[in-house]
Amino acid sequence: MIYRALYDSRNFTFEGFGKTENQAREALQQALDLHTSEYDCDPDWYYPSSIDIYKYELGVPYRDWE
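Going by the working numbering, the sequence shown opens with residue 114, and the numbers climb by one from there.
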């Protein structure tokens with residue numbers, strides 16, 4: 114099993130992956146924190162409630178996010 118955390122902003126797509134949902138969220142948070150620092154964004158520029166988590170089973174085919 115692998116987890117994908119996803120955040121789509123107007124200009125960028127951010128992703129984080131992990132073996133657990135928490136690891137994926139932490140990886141995504143690192144990407145958001147790095148972007149915040151690099152672009153000197155306000156700390157609240159993104160909406161945590163808009164983060165999506167997807168769970169994938171390895172070796173299983175998927176189509177259209179199903």
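The beta carbon of each residue, even a glycine, is placed where N, CA and C say it ideally should be.
key: Supposed close pair Gly129, Arg138 - CB separation, criterion 8 Å   = 7 Å
key: Cα-Cα separation between Tyr152 and Gly172, rounded to whole angstroms   = 38 Å
key: Endpoints, beta strand (DSSP E) assigned at Asp165   = 165-169
key: Span of the alpha helix (DSSP H) around Thr133   = Where Thr133 is concerned, there is no enclosing alpha helix (DSSP H), given that its DSSP letter is neither H nor E.
query = What's the call for Leu147, buried or exposed, on a 16-neighbour Cβ count within 10 Å?
reply = exposed
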